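Participant:
In the working numbering, the protein residues as written are 24 to 1118.
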């Protein structure tokens, strides 16, 4: 233990320690016990049963209002942070008062006090390793299989294979215990035991799935224990209590199964009532049930030792080499001497039709074979282990035979079949594994009681591993002792028919078989009660975590905390197991559920170890990820070995629960390992992607969608996201970005609100991707930052999607279209593709369906094949699926249009794209008057705006307009920017002193106005602009003529001019080019091939 010294600090002013931000402060300078009464429980709840672990460490900001204005002078440097970051003294006091109340049965023994304000001080945990972990684990591990089935398993599989079965099962649980010890010692394990460990290590999806599997396993375990108790009761304790009786000895086991169902249901009902009335009775009798188990096991060892000198008398009657049912006759002989006369025995009468030995017609096998009597328990020194070393698997109905006895092999009559001991089920190695495994379960008992332990991190590993070691040694030694002491046919006799209906293991025990019978009965009843107590509480813990919505009702409980509804459901599920009525059928079912639980415990430990998460610091050091993987592999192997179809069903149930929680369950963040695993996998994948750009075959548009937000921080054009979802269909990368104009320090809240608004809209439009909002002083700079910095490593966008700046013509402010053109230039410089959906409000929603129509591609210049690829991707979505694809290309006078059409059709065939092909011929024609007029209007408008911007009065008005707009709307449009650097924002009031020179200058300006107007009228359009306008007008005529009814038109987007002076004309050209078209997608390639003809 580290040594701490607390040095008092002298302070003249009285320290006023108040309960700051909900933390009970402790004054360590006070030498007396100056604590504050009524420390609250530090494990708080949010009203839905979600326990907030880690609450002592950082206080929430909502409680900052409670803080005192006076702070310790010694911590004045940190006083502004003390409302969210507690002092070390308060943290330590909080941790000292931390209580971990286990969700076992302890807290339900006493009803809650009527006075809710009174809080009982929790007792300090004081249980050690022996009482808290070791003995509870022993009680849970030893069970019904040891007493009712282990002898039969040894007889059927032989000593060697039985040893192997025990070794496999015990190795599996030992490896699981090592993993569990590592998890259990990595911090405090509150209520729920295995469920808590898995859910907090692997996340709510795995936790819920495995938690429910563990619950079902525990519930079926209750059914198995009850069936075992009823089997002991009806077979060995009071056989006369049977309600249903077979019609004759040849009848099957149907009557016995019905008896099991009736008595099992009655027993289950009684146990449920006991659990409902009060768990304290179950807990008080737990030590009695454990004593029964220990006494029974000791009596077996005592009997084995005694058999060396004096084997117990349990003779077996054999006819030839066949084993006879001993309680159907008295003397093991064909004839008996009564007085001086030899008469047929009762055995004779069973096999022969007449009592007259001379004229009787006897069974052929009976007539030709002798009756012999051999000892059922030869003893430890007899050497019988040589015969029992190897297995003897049998089919259903096969008679038990002793191979070393001679017999005449003739087929006897079927009427005498009921007099022989026969196998009731077909046996195999895999079946025996499934039946035995439940006797190795129960290793979680210690971790479930962690809240009652003095030092849980020390007791759980030691106690659990010691308990598994002890039980494994008992099983190994029992296998050897049974094989060395008991006759093989008796071992294979499941119900003891050959030894006068005695429990086979009871025949070996000392001083009496009744020790085992009574002890095993009480132990199975006790184990059933424990399972019925634990299962509802496990279900309640899952329900209170609120990860599975339909289980919420089972989180409720009655006044003293008893989970009533969970107990009712547990009883109904256990009744299903009891209706099966066969111990051998129920055991493999619960084996599946427990194996799945153990598998995920090992997986949790392995994942945490390999990820090396900072919080993974177990006190138990003797673990390794390889051991966990070995344990996980063994669990999986045992599942399929014991019953492959049960394994598939169990995994299917777990898988369905997993997917249900993933889609419907509540969002939880438990710091689980799967999240860390996802991060590691993402990092590995990103590093792999970093190797180089993707091959043309793997290229798909990875989108950066630039969104515009309105004044209320809502998405202005949601159809941009609709279009992105239709194009991507959930594949690849989508980043949705937006820019807020302002200062980051002041706009952080707006950023968070904007991100949330965008995420909500992404969810509505079913866009799977990421959101990023940046704050910049200028919108164009913010867009440049997004284009440069979005994405990570090789997972970066290669295509930018942005909207068209509507109303740019009507606006006197040039910043909207300048931002747009600047973004086009940025994407070109970054070698990114660009898509501009024009008239995006007319684009279809995700709920619309186009039943016909065309997607027209106007392929004017080659841009890497994006124009071909985009319609194909859109047609994968249900909205566009029925549309057909048409490709138009333009031919000049000197082109061979017929050959172009053939070549294009061949190219599309090689691309595996189905589309109609058309070559449009554009003849050289004179430039029309309309083209001149459009060009002239464009240039006049541009010149006029330029002159307006040069006038002083207009500058003042423009500056004031910018100022007013900035004060009203802090967040600018995505496609508008703050005033150009050349324009100065003037103060609110322009003060000016008029002089004679200034008055003369103003008059000259006014006299020049008519001349400026005359210049506008006399402008002659620039020839290069006329040519460009001519191209735009002619192309628009052709496109509107051919594609006026198309659902979507895809068009090459011409690049902006190299000279920035022609930017406004560029916008006009784009407007003319797309006039008269309802939906247009302007596409600009990124400078690389994105589609290939090769496979």
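The C-beta atom is built at its ideal place from N, Cα and C for all residues, glycine as well.
The structure presented is a predicted model; accordingly, all values stated were derived computationally and were not measured.
1) Evaluate residue 454 with the Cβ neighbour count: other Cβ atoms within 10 Å of its Cβ, from every protein chain shown; 16 or more gives buried, anything less gives exposed.
2) Would you tell me roughly how many angstroms separate the C-alpha atoms of residue 476 and residue 670, rounded to the nearest one?
3) Using C-beta distances below 6 Å, list every residue in its chain close to residue 854, excluding the 5 sequence neighbours before and after it, in chain order.
4) Which term fits residue 738, buried or exposed, when burial requires 16 or more other beta carbons within 10 angstroms of its beta carbon?
5) Within its chain, find whatever has a CB closer than 7 Å to the CB of residue 1058; leave out the 5 residues flanking it on each side and keep chain order.
6) What residues match up with residue 345 in a beta bridge as DSSP calls it?
7) Is residue 287 near residue 604, with beta carbons less than 8 Å apart?
8) Give the DSSP-derived three-state secondary structure of residue 464 in the structure shown.
9) Out of curiosity, what's the CA-to-CA distance linking residue 1107 and residue 775?
10) Just how far apart, CA to CA, sit residue 643 and residue 197?
11) Mind the definition here: the stretch 623-637 touches the stretch 175-194 only if three or more C-beta pairs lie below 8 Å; say whether that holds.
12) Distance, Cα to Cα, residue 228 vs residue 705?
13) Is it a yes or a no for the stretch 555-572 touching the stretch 229-239, going by three-plus beta-carbon pairs under 8 Å?
14) Between the C-alpha atoms of residue 847 and residue 858, what's the straight-line distance to the nearest angstrom?
15) Report the CB separation of residue 459 from residue 188 in whole angstroms; it is logged as a contact under 8 Å.
16) Would you kindly report the start and end of the unbroken alpha helix (DSSP H) that includes residue 667?
17) Who does residue 914 pair with in a DSSP beta bridge?
18) DSSP beta-bridge partners for residue 909?
19) Does the Cβ-Cβ distance between residue 728 and residue 762 come in under 8 Å?
20) Nearest-angstrom Cα distance between residue 596 and residue 816?
21) As a quick exercise: from 724, 646, 850, 812, pick the residue whose alpha carbon is nearest that of residue 205.
22) Around the C-beta of residue 707, are 16 or more other C-beta atoms found within 10 angstroms, so that it is buried, or is it exposed?
23) Does the structure place the stretch 750-759 close enough to the stretch 778-791 that three or more beta carbon pairs sit under 8 Å?
24) Assign residue 1113 to buried or exposed, taking buried as 16 or more other Cβ atoms, counted over all protein chains shown, within 10 Å of its Cβ.
25) So residue 1129 is in the beta strand (DSSP E); what residue range does that whole segment cover?
26) Report yes if the C-beta distance between residue 709 and residue 818 is below 8 Å; otherwise report no.
27) Let me know the beta strand (DSSP E) ranges lying completely inside the stretch 705-737, each 3 residues or longer, listed in chain order.
28) Name the residue from 546, 877, 177, 328 whose alpha carbon lies nearest to the alpha carbon of residue 412.
29) Excluding the 5 residues flanking residue 539 on each side, which residues of the same chain have their C-beta closer than 8 Å to its C-beta?
30) If contacts are defined as beta-carbon pairs under 8 Å, then residue 755 and residue 723 qualify, I think. What distance do you get, rounded to the angstrom?
31) Taking Cβ to Cβ, would you say residue 305 is nearer than 8 Å to residue 552?
32) Closer than 8 Å is the cut-off here; do at least three beta carbon pairs connect the stretch 421-431 with the stretch 335-344?
33) So what does residue 794 bridge to, in DSSP terms?
34) Do the stretch 489-496 and the stretch 157-166 meet, that is, are 3 or more Cβ pairs less than 8 Å apart?
35) Would you please state the rounded distance, in angstroms, between the beta carbons of residue 601 and residue 246? I believe it to be under 8 Å.
36) DSSP state of residue 1107, grouped into three classes?
Facilitator: On the basis of the data shown:
1) buried
2) 36 Å
3) 1109, 1110
4) Counting Cβ neighbours within 10 Å, residue 738 comes out buried, since at least 16 surround it.
5) 1096
6) 342, 424
7) yes
8) Coil.
9) 33 Å
10) 14 Å
11) no
12) 20 Å
13) A contact exists between the stretch 555-572 and the stretch 229-239.
14) 10 Å
15) 5 Å
16) 667-687
17) 944
18) 879, 939
19) no
20) 52 Å
21) 646
22) exposed
23) yes
24) buried
25) A query on residue 1129 cannot be resolved here, the shown segment of the chain reaching from 24 to 1118 and no further.
26) yes
27) 726-729
28) 177
29) Here the set comprises 170, 319, 322, 323, 526, 528, 529, 532.
30) With a Cβ gap of about 5 Å, residue 755 and residue 723 count as contacting.
31) yes
32) yes
33) DSSP output for residue 794 lists 759 as bridge partner(s).
34) yes
35) 5 Å
36) strand
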